Amino acid sequence: MAGVHWKGKGGYVVDEEAALQARWEQASQETIDETTRPCPHCKVPVEKSGGCMHMVCPRAQCKFEWCWICRVEWNRECMGNHWFG
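Heads up: the sequence shown begins at 1 in the UniProt record's numbering, then just goes up one per residue.
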């Protein structure tokens with residue numbers, strides 16, 4: 001458990017700063033999980049902030065084009081069925 005250390009016969013001691021950091025990291029990960037979707041190609045989290053459903057991975061080495069709804073490579077079916085949702 002983050003922020004808890006064994007002190008021998010005295011039991012456990014809580015490192016409050018490490019425990020607080022662990023809570024912040026968990027809350028940050030939950031926010032990322034709720035507000036992003038992974039790129040289907042490289043799995044980097046991608047946030048949609050408006051516009052159409054056509055996504056381009058922001059990772060320079062990837063740039064995969066995909067549909068936010070279908071989570072597949074961008075294609076004519078996506079374009080025709082739900083360009084704007």
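Backbone N, C-alpha and C fix where the C-beta goes; we use that ideal spot for every residue, glycine too. The structure displayed is predicted, hence computed values, not measured ones.
>> With DSSP as the reference, identify every bridge partner of residue 38, one or two as the case may be.
In response: 45
> Alpha carbon to alpha carbon, how far is residue 94 from residue 72?
Replying inline: Only positions 1 to 85 of the chain appear in this structure, which leaves residue 94 out of reach.
> Which two residues bound the contiguous alpha helix (DSSP H) that contains residue 78?
Replying inline: 76–82
> Mind checking residue 46: buried by the 16 CB within 10 Å criterion, or exposed?
Replying inline: buried
> Quick one: what does DSSP say residue 66 is sitting in, helix, strand or coil?
Replying inline: strand
> Which same chain residues, not among the five before or five after residue 63, have their C-beta less than 7 Å away from its C-beta?
Replying inline: 56, 57
> Taking the alpha carbon of residue 61 as the point to measure from, which residue in 43, 51, 54 has its own alpha carbon closest?
Replying inline: 43
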